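Trainee:
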Amino acid sequence: MLIGEYNNSGALIREYIHVNGEPLAQIDKPGGTESILYLHTDHLLTARYATNAGGSTVWSWDSGAFGKEAPTGSATVNLRFPGQYFDAETGLHYNWHRYYDPATGRYITSDPLGLAAGLNTYGYAAQNPLSLYDPPTGRFCRLS
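Going by the working numbering, the letters in the sequence shown line up with residues 16 to 159, in that order.
(1) Are G98 and W111 close, meaning C-beta to C-beta below 8 Å?
(2) Going by DSSP in three states, A62 sits in which element: helix, strand or coil?
(3) Going by C-alpha to C-alpha distance, which of L60, K44, T72 sits closest to M16?
(4) Which one or two residues does DSSP pair with D77 in a beta bridge?
(5) So, for G55: in the same chain, excluding its five sequence neighbours on each side, which residues have a beta-carbon less than 8 Å away from its beta-carbon?
(6) Can you name the start and end residues of the beta strand (DSSP E) that L134 belongs to?
(7) Please classify L158 as buried or exposed, where buried requires at least 16 other C-beta atoms within 10 Å of its C-beta.
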């Protein structure tokens, strides 16, 4: 799980607060100032919208099943599906061991676990993203 973002000088620019794997807040620290966004998740612990200290929604992601749609709002939140980080340079979602392409709903490389992870080694969440997700461990998880 991502806990912080740093610039090329090594300075912390964004910090994430998680409790039991659920992202709860994002603290932005541009130029020494600090602002907090409160993250609101769905049943899979995917951040779906963010509110500022005043309670206004400043970011939302109505992604569809495989994450193809782009987020909207004035704030930047780089979290995507659980364990994924949006890479602005490529438009892909980084998932620790490989990159996920939301346009195709598939990873761009085969699962490092090989066939032990299932027959479709490029698939996301066993092709059931409404009930499952791929955590950084490589095996899909079901939330009950």
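Even for Gly, the Cβ is constructed at its ideal location relative to N, Cα and C. Nothing here was measured: the structure is a model prediction, and the numbers come from that model.
Mentor: The relevant details are as follows:
(1) yes
(2) strand
(3) L60
(4) D77 is not bridged to any residue.
(5) The amino acid at residue 55 is misidentified as Gly; the sequence shows His. Contacts found: A62, R63, Y64, A65, T66.
(6) No beta strand (DSSP E) contains L134, which DSSP labels as neither H nor E.
(7) With a pLDDT of 48 at L158, under the threshold of 50, the modelled position of this residue cannot be trusted; read the value that follows with caution. L158 is exposed by the Cβ-count criterion.
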